Amino acid sequence: MDSSAPPSAVTSQSPLHAAANRFKDLIGGIFKERKPWGELADRTSFSRPASLAEATGRLRKNAHYFKVNYLIVMLSVTFITLVLNPTSLIALAFLAMAWVYLFVVRQAPIVIGGRTFSEREKFIGISIITLIVIFFLTSVGTVLFTALGISVAAIALHGSFRVPDDLFTDEIEGQTGFLGIFGGSQAVNPLNVV
29 MDSSAPPSAV TSQSPLHAAA NRFKDLIGGI FKERKPWGEL ADRTSFSRPA
79 SLAEATGRLR KNAHYFKVNY LIVMLSVTFI TLVLNPTSLI ALAFLAMAWV
129 YLFVVRQAPI VIGGRTFSER EKFIGISIIT LIVIFFLTSV GTVLFTALGI
179 SVAAIALHGS FRVPDDLFTD EIEGQTGFLG IFGGSQAVNP LNVV
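Next comes the structure, spelled out in structure tokens:
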């Protein structure tokens, strides 16, 4: 054996580290689409819409253009709401730790009473436990729906009162929708597939 051979360049990563890297790349890609906050809050761009149809059109265009900013607003309102309700935050932290432990940290299958549970059964079981904890055993569901309601109301008000200017002509509107931030520009138009 040649002891002067270079060590292998391939190093194994833990599943938790690999998942964290994928999450970091996803978040970095999403935040690249964020628009400047000054543009979002430009007071000269606000006016009362003349009709409901105009308000709806403005909301649609603004939601498409400011989708990442609106997502940040929703996450911030949710975070603030959870901080103001520490028991809900603690309950969610324990649920998150359970999910991470079961699907990222623990590599061995779960065996209870001599029965081995599949990944699908494990997912269904922890999902049911999560729903029971969130909606029946704690006030987490109420806190999350309150945050969602506040966020949606603020976004609807901003989107319908902010006048869309020529900013939207540079982008292809409506191809990916609001959740297009997770797919980036790789979204496939089904009409172009041969």
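Residues in the sequence shown are numbered consecutively from 29, following our numbering.
The C-beta atom is built at its ideal place from N, Cα and C for all residues, glycine as well.
Predicted model, so just to flag it, every value in this text is computed and none were measured.
**Inter-residue spacing [alpha-carbon to alpha-carbon] between R71 and A182** = Translated into the one-based positions of the sequence shown, residue 71 becomes position 43. Translated into the one-based positions of the sequence shown, residue 182 becomes position 154. Roughly 15 Å between the two C-alpha positions.
**Message:** Please tell me whether K63 and F107 are closer than 8 Å, where the distance is taken between their beta carbons.
**Reply:** Taking the first residue of the sequence shown as 1, we reach residue 63 at position 35. Taking the first residue of the sequence shown as 1, we reach residue 107 at position 79. Not in contact: K63 and F107 (Cβ atoms no closer than 8 Å).
**Asked** Using the beta-carbon count (16 or more within 10 Å), is N49 buried or exposed?
**Response** Indexing the sequence shown from 1 puts residue 49 at position 21. Burial call: exposed.
**Request:** Could you check the C-alpha separation between A81 and L87 for me, to the nearest Å?
**Result:** Locating residue 81 in the sequence shown gives position 53, where the first residue counts as 1. Locating residue 87 in the sequence shown gives position 59, where the first residue counts as 1. Whole-angstrom Cα-Cα distance: 10 Å.
**Prompt:** With a Cβ-Cβ cutoff of 8 Å, do W127 and I154 count as a contact?
**Reply:** In the sequence shown, residue 127 corresponds to position 99, counting from 1. In the sequence shown, residue 154 corresponds to position 126, counting from 1. A contact, by the Cβ cut-off of 8 Å.
**Limits of the alpha helix (DSSP H) - the one that V96 falls within** = The residue given as residue 96 occupies position 68 in the sequence shown. It spans 95 to 111 - the alpha helix (DSSP H) in which V96 sits, taken as one unbroken run.
**Prompt:** Between the region 51 to 59 and the region 158 to 173, do at least 3 Cβ pairs fall closer than 8 Å?
**Reply:** Result no; under three Cβ-Cβ pairs closer than 8 Å.
**Asked** By Cβ distance below 7 Å, which residues in the same chain neighbour V101 in space, the five residues on each side in sequence not counted?
**Response** Indexing the sequence shown from 1 puts residue 101 at position 73. Excluding sequence neighbours, V101 sits near S179, A182, I183.
**Prompt:** Run through DSSP, which three-state label would R86 get?
**Reply:** Residue mapping note: residue 86 aligns to position 58 of the sequence shown, counting from 1. If DSSP states are grouped into helix, strand and coil, R86 belongs with the helices.
**Request:** May I ask you to report which of helix, strand or coil DSSP gives V180?
**Result:** Along the sequence shown, read from residue 1 onward, the residue named residue 180 stands at position 152. It is helical.
**Prompt:** Over what stretch of residues does the beta strand (DSSP E) that includes F145 continue unbroken?
**Reply:** Reading the sequence shown from its first residue, position 117 is the one you call residue 145. Element bounds for F145: 143 to 145.
**Item:** Assigned exposure category for S188 - 16 Cβ within 10 Å defines buried
**Value:** In the sequence shown, residue 188 corresponds to position 160, counting from 1. Classification of S188: buried, given that the 10 Å Cβ count is 16 or more.
**Message:** Less than 8 Å between the C-beta atoms of T174 and T109, yes or no?
**Reply:** In the sequence shown, counting from the first residue as 1, residue 174 sits at position 146. In the sequence shown, counting from the first residue as 1, residue 109 sits at position 81. Yes; because the gap between Cβ atoms is below 8 Å, this pair is in contact.
**Message:** Applying the 10 Å Cβ sphere with the 16-neighbour rule, what's the burial state of Y98?
**Reply:** One-based indexing of the sequence shown puts residue 98 at position 70. So Y98 ends up on the buried side.
**Prompt:** With DSSP run on the structure shown, which of helix, strand or coil describes V191?
**Reply:** Taking the first residue of the sequence shown as position 1, residue 191 is located at position 163. Correct three-state label for V191: coil.
**Message:** Alpha carbons only, please: which of V191, L172, D53 is nearest the one belonging to S116?
**Reply:** Residue 116 sits at position 88 when you count from the first residue of the sequence shown. Looking at the Cα atoms, L172 is the closest of the given residues.
**Spatial distance of A69 from V96 (CA atoms)** = For this step, residue 69 is matched to residue 41 along the sequence shown. For this step, residue 96 is matched to residue 68 along the sequence shown. Whole-angstrom Cα-Cα distance: 14 Å.
**Request:** With a 10 Å radius around its C-beta and 16 neighbouring C-beta atoms as the bar for buried, classify L120 as buried or exposed.
**Result:** Translated into the one-based positions of the sequence shown, residue 120 becomes position 92. Burial call: buried.
**Message:** Could you pull the DSSP bridge partners for I160 from this structure?
**Reply:** Here residue 160 corresponds to residue number 132 of the sequence shown, with the count starting at 1. None; I160 has no bridge partner.
**Item:** Nearest neighbour of L123, chosen from I140, A91, V168, E67 [CA to CA]
**Value:** As a working note, residue 123 is residue 95 in the sequence shown. Of the candidates I140, A91, V168, E67, the one whose C-alpha sits nearest the C-alpha of L123 is V168.
**Request:** Assuming R190 and F74 form a contact by the criterion Cβ under 8 Å, report the distance between their Cβ atoms to the nearest whole angstrom.
**Result:** Taking the sequence shown and counting its residues from 1, one reaches residue 190 at position 162. Taking the sequence shown and counting its residues from 1, one reaches residue 74 at position 46. That pair is a contact at about 6 Å.
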